[in-house]
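With the working numbering, the residue at position 304 of the sequence shown is 315, and numbering never jumps. Structure record follows, encoded as structure tokens.
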Amino acid sequence: MSSATLPATACELRNSVQRIVNETPVWDLHTHLYPPTFGTPLAGTGRQAADPRGLMLWGIDELLTYHYLVAEVFRVVPSRRFAYKDFWNLSKQEQADHIWKHLFLERSPVSEACRGVLTTLKMLGLDPAERDLNVHRAWFAEQNADEHINRVMEVSGVSRITMTNDVFDDNERERWLSDGSLGTDSRFVPVLRFDKLLCDWQAAAKQLAGWGFSVGLTINQKTIAGVRRFLEEWIDRTGAVYCAVSLPPTYYYSGSDDPDPGNIIFRQAVLPLLAERNLPMAMMIGVTRATNPRLKVAGDSVGQADVSSVAQLCADFPNNRFLVTLLSRENQHELAVTARKFDNLMPFGCWWFLNNPSLIEEITRMRMELLGTSFAPQHSDARVLEQLVYKWSHSRTIIANVLADKYADLATAGWPVSEDEVRRDAKLLLHDNFADFVAGK
Ligand code: RAT
Ligand code: ZN
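Next comes the structure, spelled out in structure tokens:
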């Protein structure tokens, strides 16, 4: 490894930084990906039988029916011409054909989500110019799901994939209950997700009681103890490295006497337990669920969150660590400034509607100017395995560009950087900042 000072010409510097960032392994800190042990609807050539309700999504039909693309296809074939219910009644393959025809063949696939499919095919060694979907289908059907994961991780440079293990999802919950070894694939890191606990205490209480935990609608000491036992059991069962919730833009935390039931549970059960277990809490704030329910999972939207609630939580719970991502572009500056005030706050990722080149660029540059290298610039939020390829390839290009600009500014100021220093910084951004935060370092 060379520790020589990097070349001074702007173009050479940019190329070297890009190469180093591309070579740096990523710990993807938030995805919706699973190993084949959680079942997979597309079995490929492995021993694994097809499981229609399986959670490991992969292959060209899943890539094309990603909910980002479902939303986009209704822009060009509106529901007044092709009813929502008719789309949902199609088979997965027919939905993929519809999206391919209208978003790729009848107009150029310039949106980020469309472009992502093509980058993915290209980087996996397929011909992205191929117009016949069945050619791609045949290639995916030949893959062994388990080996394919290794290949995708290698191509995308992802060394660890963080899952989202939703304890309120019956399909997933039952898999955990019937297979004690689910969390043992070292490529996949478990995370316990429980939106309902904070967002809909009435429904959560009913379910917890049904599962045998002694909780009631009234939040008293017995209920708090019951929620703690529930969380302890699931943290132990999954081996979660952090816990997570996604919250609406209206989420508000006013302080230690906040009367909202979700906030009482959060304050009295969740956060004390996580502090004891030394586990961070991830909060993803700003999603308005089901703005258009007829679009199903594609129908969620965005709103501005209250960042002062995040600051209040960081102040009130200094023994807890908070991983926070906000969905609204307008919230990003305030979040970065708040992170300057609280070392128990780690801003992460450019989430969902922000995961577009122009916004990643803007947000990453702003964060770097305010926070130096002390943040986690990106997560993929991949739902389909191969999305790791494009989401990381596109983001790495931007992160490297921003870094290269900053190194050029440093060189102007008389501080040229060495290759080792660039490597160290890239590792902080793509891996170590998150790993150290999780470890409580
Ligand atoms: O980004 C997404 O795919 C969203 O649908 C959500 O999954 C979101 O990221 C979440 O974790 O709630
Ligand atoms: Zn997500």
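Even glycine gets a Cβ: it sits at the ideal position worked out from N, Cα and C.
Checklist entry - Exposed or buried, E5, counting other C-beta atoms within 10 Å across all chains shown (16 or more means buried)? => result Past the edges of the chain, shown from 12 to 452, lies residue 5, and the structure says nothing about it.
Checklist entry - Just to confirm, are P201 and N176 a CB contact at a threshold of 8 Å? => result Position 190 of the sequence shown, counted from the first residue, corresponds to residue 201. Position 165 of the sequence shown, counted from the first residue, corresponds to residue 176. Cβ atoms of P201 and N176: closer than 8 Å.
Checklist entry - Taking buried to mean at least 16 other C-beta atoms within 10 Å of its own C-beta, is A393 buried or exposed? => result Position 382 of the sequence shown, counting from 1, holds the residue named residue 393. Buried is the call here.
Checklist entry - Going by C-alpha distance, which of F224, G223, L208, V81 is nearest C254? => result Working through the sequence shown from its first residue, we reach residue 254 at position 243. If we check each option's Cα against that of C254, L208 comes out closest.
Item to check | Exercise answer, beta-carbon shell around ligand 1 heavy atoms below 7 Å | outcome: H41, H43, H78, T175, S257, M295, V298, V308, D311, W362, W363, D392, R394
Next on the checklist: Nearest by alpha-carbon distance to S192: which of G250, A156, D354 is it?
Outcome noted: Sequence index remark: in the sequence shown, residue 192 carries index 181 (1-based). Measuring from the Cα of S192, the nearest candidate turns out to be G250.
Next on the checklist: If the criterion is Cβ atoms closer than 8 Å, does the pair D39 and R171 meet it?
Outcome noted: Position 28 of the sequence shown, counted from the start, is the residue given in the question as residue 39. Position 160 of the sequence shown, counted from the start, is the residue given in the question as residue 171. Yes; because the gap between Cβ atoms is below 8 Å, this pair is in contact.
Checklist entry - What first and last residue would you give for the alpha helix (DSSP H) that runs through V348? => result Counting from one through the sequence shown, the residue named residue 348 turns up at place 337. Unbroken alpha helix (DSSP H) run through V348: 343-352.
Checklist entry - When the Cα atoms are used, what is the spatial distance from E372 to Q104? => result Mapped onto the sequence shown, residue 372 falls at position 361. Mapped onto the sequence shown, residue 104 falls at position 93. E372 and Q104 have their C-alpha atoms some 35 Å from each other.
Item to check | Candidates Q106, V84, V169, H147, of which the one nearest L118 by Cα | outcome: Position 107 of the sequence shown, counting from 1, holds the residue named residue 118. Looking at the sequence provided, one finds Arg at residue 118 rather than Leu. Nearest C-alpha to R118 among Q106, V84, V169, H147: V84.
Next on the checklist: Which of the three DSSP states is assigned to M12 in this structure?
Outcome noted: The residue given as residue 12 occupies position 1 in the sequence shown. Unreliable positioning characterises M12 in this predicted model, as indicated by a pLDDT of 43, which lies under 50. The coordinate reading is nonetheless provided below. It is coil, neither helix nor strand.
Checklist entry - How is D420 classed by DSSP in three states: helix, strand or coil? => result Counted from its first residue, the sequence shown places residue 420 at position 409. It is helical.
Checklist entry - Would you say V256 and M294 are within 8 Å of each other, going by their C-beta atoms? => result Translated into the one-based positions of the sequence shown, residue 256 becomes position 245. Translated into the one-based positions of the sequence shown, residue 294 becomes position 283. Cβ atoms of V256 and M294: closer than 8 Å.
Checklist entry - How about L53 and G70: do their beta carbons lie closer than 8 Å? => result To locate residue 53, count along the sequence shown from 1; it is residue 42. To locate residue 70, count along the sequence shown from 1; it is residue 59. The answer is yes: Cβ separation under 8 Å.
Checklist entry - Are there 16 or more other CB atoms within 10 angstroms of the CB of D443, so buried, or fewer, so exposed? => result Start at 1 with the first residue of the sequence shown, and residue 443 comes out as number 432. Its Cβ being crowded by 16 or more others within 10 Å, D443 is buried.
Next on the checklist: Tell me which residue opens and which closes the beta strand (DSSP E) that D39 is part of.
Outcome noted: Numbered from its first residue, the sequence shown carries residue 39 at position 28. In the DSSP annotation of this structure, the continuous segment of the beta strand (DSSP E) that includes D39 starts and ends at 37-39.
Item to check | Environment of D72 [buried if 16+ CB atoms lie within 10 Å] | outcome: Reading the sequence shown from its first residue, position 61 is the one you call residue 72. D72 comes out buried.
Item to check | Cβ separation of Q218 and F179, assumed to be a contact under 8 Å, to the nearest whole Å | outcome: For the purposes of this step, residue 218 is taken as the residue at position 207 of the sequence shown. For the purposes of this step, residue 179 is taken as the residue at position 168 of the sequence shown. Correct: roughly 7 Å between the Cβ atoms.
Next on the checklist: With distance defined between alpha-carbon atoms, name the residue in S265, P46, T42, A107 nearest to N161.
Outcome noted: Here residue 161 refers to the residue found at position 150 of the sequence shown. Nearest of S265, P46, T42, A107 to N161, Cα basis: P46.
Checklist entry - So is L188 buried or exposed if we call it buried at 16+ other beta carbons inside 10 Å? => result Taking the first residue of the sequence shown as position 1, residue 188 is located at position 177. L188 is exposed by the Cβ-count criterion.
Item to check | Residue range of the beta strand (DSSP E) that includes F333 | outcome: Residue numbering aside, residue 333 sits at position 322 when the sequence shown is read from its first letter. Run containing F333: 333-337, per the beta strand (DSSP E) assignment.
Checklist entry - Within 10 angstroms of its Cβ, does M12 collect 16 or more other Cβ (buried), or is it exposed? => result Position 1 of the sequence shown holds residue 12. Note on M12: pLDDT 43, under 50, position unreliable in the model; the coordinate value appears next. Exposed, by the Cβ-count rule.
Next on the checklist: At 4 residues or longer, what runs of the alpha helix (DSSP H) sit wholly inside the segment 63-113?
Outcome noted: 71-75, 78-87, 95-100, 103-110
Checklist entry - For I172, which of helix, strand or coil comes out of DSSP? => result Your numbering for residue 172 matches position 161 in the sequence shown. Three-state DSSP puts I172 in a strand.
Item to check | 8 Å CB neighbourhood of L17 in its chain, flanking five on each side removed | outcome: Taking the sequence shown and counting its residues from 1, one reaches residue 17 at position 6. Counting only Cβ-Cβ distances below 8 Å, and skipping sequence neighbours, we find E23, L24, S27, V28, Y418, P427, V428, S429, E430, V433.
Checklist entry - Which residue's Cα is closest to the Cα of T234: Y401, R305, G273? => result Indexing the sequence shown from 1 puts residue 234 at position 223. For the residues Y401, R305, G273, the minimum Cα distance to T234 belongs to G273.
Checklist entry - Are the CB atoms of Q377 and H344 nearer to each other than 8 Å? => result One-based indexing of the sequence shown puts residue 377 at position 366. One-based indexing of the sequence shown puts residue 344 at position 333. This sequence places Met at residue 377; Gln is not what is there. Yes; because the gap between Cβ atoms is below 8 Å, this pair is in contact.
Item to check | C-alpha distance - T408 paired with N33, whole-angstrom precision | outcome: On the sequence shown, position 397 is the one that residue 408 refers to. On the sequence shown, position 22 is the one that residue 33 refers to. The straight-line gap from Cα to Cα measures roughly 8 Å.
Checklist entry - Quick one: Cα of P388 to Cα of D97, how far? => result Your numbering for residue 388 matches position 377 in the sequence shown. Your numbering for residue 97 matches position 86 in the sequence shown. Their backbone Cα atoms lie some 39 Å apart in a straight line.
Item to check | S312 (DSSP reduced to helix, strand or coil) | outcome: Counting from one through the sequence shown, the residue named residue 312 turns up at place 301. Note: S312 maps to strand in three-state DSSP.
Item to check | Bridge-paired residues (DSSP) for D177 | outcome: Counted from its first residue, the sequence shown places residue 177 at position 166. In DSSP, D177 forms a bridge with R204.
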